[in-house]
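First the structure, in the form of structure tokens, and then the observations on it.
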Amino acid sequence: MTSDTILVINEPFVPDFCRTQRWAARTRGRVLRAPDWLAYATAVLAKDGFHVELHDFPAKGWDKPELEALAREKQPFMAVLDATTPSYSSDVDCARRIKAQSPGTKILMVGPHVSALPEESLLAAGGAVDAVAIGEYDYTVRDVARCWRDDAADLSGVAGIAWVKDGAPTRTSARPLIADLDALPFPAWDQLDLMAYFDGGKLHPYVTVIGGRGCPFGCSFCLWPQVMHGRKYRTRSPENIVAEMRWVVANWPQVRQGEFFFEDDTFTVNADRAHALCEAIERSGLGVPFSINSRADVSDLSLLRHLKRAGCRMVLTGFESGSQTMLDRMGKKTTVAQMERFVRACREAGLAVHGCFVLGLPGETRQTMRETLDFSLRVPLTTLQFSAAVPFPGTRYFEEIKAQGLLLAKSWDDWLQDGEQSPVVEYPDLGANEVEAAVDKGLRQFYFRPSYMLRFLLATRSKSDLYRKLRGFFNFLGYLVTSRRKKACRDR
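In the working numbering, the protein residues as written are 100 to 591.
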């Protein structure tokens, strides 16, 4: 007999797998981020009166035997599982294991993979998944839970899902994007160990704040705007955001040694709103550093200085490429000159800059990759990351690659190799392994400069800061060792 419990699960896959980031994988820096979207859904369910438990298996070091034991013990009437493209086969296996231990449990899958391919995902699950949520799922999860709690067999009235009806996948009406983000409860951080999450580029511990959703720009490869949160930047009020920050500090005072990270796709796209939020943070007197995502076309030095006064430590910026040809090709709508001015302005304002670069999008050549690596060394970045482009379903990049027959992968399992990014695209004039090699070269060239390593260590501000730097360094070394082994195996 099933209980009245709902399990919300960030399911196991491979060690260090981070499914909450834009490129779901075992990251090169072994970043582990809290399942913030699941934490929101959990909080919505709890506010509606459900007995709900959020379990982050990667953070706990749990695997599938622990999943089976949990399902057997709790006998939930519903389980919510997060689905990504590279982990989808394993995610379905998790659903099957839950049902084997608790036959009365209904499974709802959420996340980008099932949002992009709802009907296909249900068919591939072969009955292990009862319904999938399409897009933003905070309230979708609640509405499905209400139906299943009341033993309602018909989900036709729940917007934003696909479910199996009369043996075939059926999609309901689209669910509008959430207009009033202030109405959402704060994420269910109380059900997680916030000290378990780590990113070598951020102060430890760090807590994610989602102050807005959606991005008005049209980069061809970016997953979240195209699949989950849309093109309109919807924001929470400064008062609501500061209230959440106060709540976090009051309940987890360790955050004073770390920072908040605003996960908004681009915090600075609305300058007036950014100024207003900075003013609210200043008035709060919290004194906790924070970092933000920003585009590189910000030319307002007064805004950057205001960010610094309010406590901003670092801006994370998707430069993506140092080649104007590639920037135009991917729809970035920035110029190399803008990017150079932006970095100089940030440093003048006293802000650290983390640069994000992606190699291997359509049109990439050896020359454009060299331009990107040269750019990363030419401008005064504090830290950076390189990624090989991965085409995820639902993006223009995926459709372009698929239409041109350039996709190497035969199944979703091919998206990763031992949890690491795996080459899944092969261009006629640029081999997939060449892109991976350029990624590693860019990382080594940047981080292994003696002058950089000395400056990085001298900038250490505390024991916790030293801890995250050393841990991040050894995580990165671990990735490089694994990468060399993979290359040696391919070369045999």
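Glycine is no exception: its CB is placed at the ideal position from the N, C-alpha and C atoms. Just so it is clear, the structure is predicted and the values come from calculations on it, not from any experiment.
In chain order, what residues of the same chain lie with their CB nearer than 6 Å to the CB of residue i, ignoring the 5 residues before and after it?
i	result
Ala587	For Ala587, the predicted model reports a pLDDT of 49, less than 50, meaning its position is unreliable; a value from the coordinates is still stated below. Answer for Ala587: no residue qualifies.
Glu152	Leu106
Arg394	Thr365
Pro388	Glu358, Gly410 and Arg412
Cys246	Leu254
Ala287	Ala138, Thr141, Ala142 and Leu153
Thr104	His150, Lys173 and Pro175
Leaving out five residues before and five after residue i in sequence, what residues of the same chain have Cβ atoms less than 8 Å from its Cβ?
i	result
Arg132	Cys117, Thr119, Gln120, Tyr296, Asp298 and Thr307
Cys193	Ile108, Glu110, Pro111, Lys163, Leu166 and Leu180
Asp590	Here the model assigns Asp590 a pLDDT of 48, short of 50, so the residue's position is not dependable and the matter cannot be decided.
Lys501	Pro490
Gly493	Pro211, Ser214, Ala215, Leu216, Leu322, Gln325 and Val326
Trp351	Trp288, Leu293, Pro304 and Val306
Pro479	Val442, Arg443, Arg446 and Val452
Could you check which residue in the options has the C-alpha nearest to that of residue i?
i	options	result
Glu419	Ser272, Leu276 and Ala487	Ala487
Thr334	Leu450, Gly256, Pro164 and Asp279	Asp279
Tyr238	Arg171, Pro268, Cys321 and Thr141	Thr141
Ala451	Leu426, Ile277 and Arg443	Arg443
Ser80	Ala531, Phe176 and His212	Since the first and last residues shown for the chain are 100 and 591, residue 80 lies out of range.
Glu504	Gly493, Val209, Asp147 and Tyr526	The sequence given here has Gly at residue 504, not Glu. When each option's Cα is compared against that of Gly504, the closest is Tyr526.
His405	His374, Thr482 and Gly417	His374
Gln520	Lys431, Val113, Gly256 and Val263	Val113
Asp512	Gly210, Glu219, Phe547 and Thr184	Thr184
Thr454	Phe474, Thr482 and Leu460	It should be noted that the sequence gives Gly, not Thr, for residue 454. That would be Thr482, whose Cα lies nearest to the Cα of Gly454.
Glu218	Asp399, Asp242, Glu447 and Gly259	Gly259
Met425	Leu403, Val243, Pro461 and Ala168	Pro461
Asp135	Gln174, Gly203 and Leu293	Leu293
Ala267	Tyr236, Val240, Val228 and Arg248	Val228
Ser383	Ala370, Gln356, Ile340 and Ile391	Ile340
Ile391	Arg345, Leu476, Gly300 and Ala349	Gly300
Lys431	Asn350, Phe316 and Val354	Phe316
Arg428	Pro304, Met177, Val257 and Ser319	Ser319
Cys377	Val347, Glu338 and Trp346	Glu338
Ala232	Ser475, Arg465 and Arg270	Arg270
Phe474	Ala436, Glu463 and Gly459	Ala436
Asp242	Met177, Asp281, Thr434 and Ser201	Met177
For residue i, which residues does DSSP report across the bridge?
i	result
Leu403	According to DSSP, Leu403 bridges with nothing at all.
Val228	Bridge partners of Val228: none, in fact.
Leu180	Ile108 and Met208
Ser393	Thr416
Pro268	Val263
Glu152	Leu106
Thr334	Gly311
Cys117	Ala124
Tyr65	Residue coverage of the chain in this structure runs from 100 to 591, which leaves residue 65 outside it and unanswerable.
Leu131	Phe297
Cys411	Phe389
Leu506	Val524
Phe360	Thr307 and Ser390
Given that a residue counts as buried once 16 or more other Cβ atoms are within 10 Å of its Cβ, and exposed if not, what is residue i?
i	result
Leu507	exposed
Gly225	exposed
Met552	exposed
Lys509	exposed
Glu172	exposed
Gln484	buried
Asp155	buried
Ala145	buried
Glu447	exposed
Phe547	exposed
His150	exposed
Gly541	buried
Ala261	buried
Arg312	buried
Answer yes or no: does any C-beta atom of chain D fall closer than 8 Å to that of residue i?
i	result
Ser393	No chain D appears in the structure shown, which is made up of a single protein chain.
If you drop the 5 nearest sequence neighbours on each side, which residues of the same chain put their C-beta closer than 7 Å to that of residue i?
i	result
Arg543	none
Phe497	Pro490 and Phe491
Leu515	Ala124, Pro185 and Ser521
Leu402	Thr367, Ala370, Ala373 and His374
Asp265	none
Cys222	Rather than Cys, the amino acid found at residue 222 in this sequence is Leu. Here the set comprises Pro268.
Glu381	Arg408 and Ala409
Under 7 Å from any heavy atom of the ligand HEM, does the C-beta of residue i make it?
i	result
Asp513	In the structure on display, the ligand HEM does not appear, and there are no ligands present to speak of.
As an exercise, report each continuous alpha helix (DSSP H) stretch of at least 4 residues that is fully enclosed by the region 436-494, in chain order.
For the region 436-494, whole alpha helix (DSSP H) runs of length 4 or above, ordered along the chain, are 465-477.
Which full runs of the beta strand (DSSP E) of 3+ residues lie inside the region 273-319, going along the chain?
Runs of the beta strand (DSSP E) inside the region 273-319: 305-308.
My parser needs the alpha helix (DSSP H) runs of 4 or more residues fully inside the region 362-387; what are they?
With a minimum length of 4 residues, the continuous alpha helix (DSSP H) runs that stay inside the region 362-387 are 370-383.
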